[in-house]
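Down below is the structure, laid out as structure tokens.
Residue numbers (the UniProt record's numbering): 1 to 209.
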């Protein structure tokens with residue numbers, strides 16, 4: 001079974017959805033699954049905000065206090081905790097995810113897409129790493145198994161893998177993706193959002209019939 005996942009590494013529900021799917025897949029040890037990550041940007045217009053955390057950024061954008069912003073995020077922090085993830089929005093630095101998506105496209109050519117997604121998610125939501133920073137991106141990408149020179153070339157040349165990212169986003173629009181995460185199973189079934197594990201299990205069962 002092939003599973004395509006439209007996702008943005010800046011999306012807190014995408015990391016949660018990844019964990020939910022992984023838990024569901026563990027219930028099918030006899031089956032083979034091919035996972036393909038697809039690029040999606042929740043906000044392609046965002047400018048890098050190095051040094052500005054999520055709470056502060058969203059407070060300014062929505063015209064609310066930082067305390068209100070923290071309160072708004074409590075639910076997602078608890079949801080993340082329920083699937084074994086630690087979210088630290090007070091450390092998460094606002095970034096434009098385009099360069100990271102281009103690096104993920106490079107990783108996909110070497111069957112390292114899933115590893116790269118996991119590392120970027122953890123770096124952003126848990127570790128508070130700055131994904132605007134070139135050296136940070138190179139360090140994280142080499143951790144996934146990529147060559148540092150290749151990664152640096154992708155960072156320096158904004159056109160490398162750009163068409164792949166744009167193609168994924170166009171495809172998402174064509175099939176009616178309104179938000180992420182969005183999971184497509186063998187081009188027959190879809191799950192929208194970070195649904196409970198059981199929703200994934202039922203969809204996979206249906207697809208394997």
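Don't be surprised by glycine CBs; every beta carbon is placed ideally from N, CA and C.
For clarity, every value in this text was computed on a predicted model and none was experimentally measured.
Item                                                                                                                                                    : Value
Determine, using beta-carbon pairs with one atom in the segment 188–203 and one in the segment 10–28, whether at least three such pairs fall under 8 Å. : yes
What whole-angstrom Cβ distance do residue 203 and residue 185 have, given they're in contact under 8 Å?                                                : 6 Å
Please report the distance separating the alpha-carbon of residue 105 from that of residue 142.                                                         : 14 Å
Residue 173: buried (16+ other C-beta within 10 angstroms of its C-beta) or exposed?                                                                    : exposed
Buried or exposed, going by whether 16 or more other CB atoms sit within 10 Å of the CB of residue 99?                                                  : buried
Output yes or no for whether 8 Å exceeds the beta carbon distance between residue 107 and residue 146.                                                  : yes
Exposed or buried, what is residue 41 when buried is set at 16 or more other beta-carbons lying within 10 Å of its beta-carbon?                         : buried
If we ignore side chains and look at the alpha-carbon of each, how far apart do residue 53 and residue 59 end up?                                       : 10 Å
Go to residue 13, then tell me how far its alpha helix (DSSP H) extends in each direction, as first and last residue.                                   : 12–25
In the DSSP assignment, what are the bridge partners of residue 190?                                                                                    : 184
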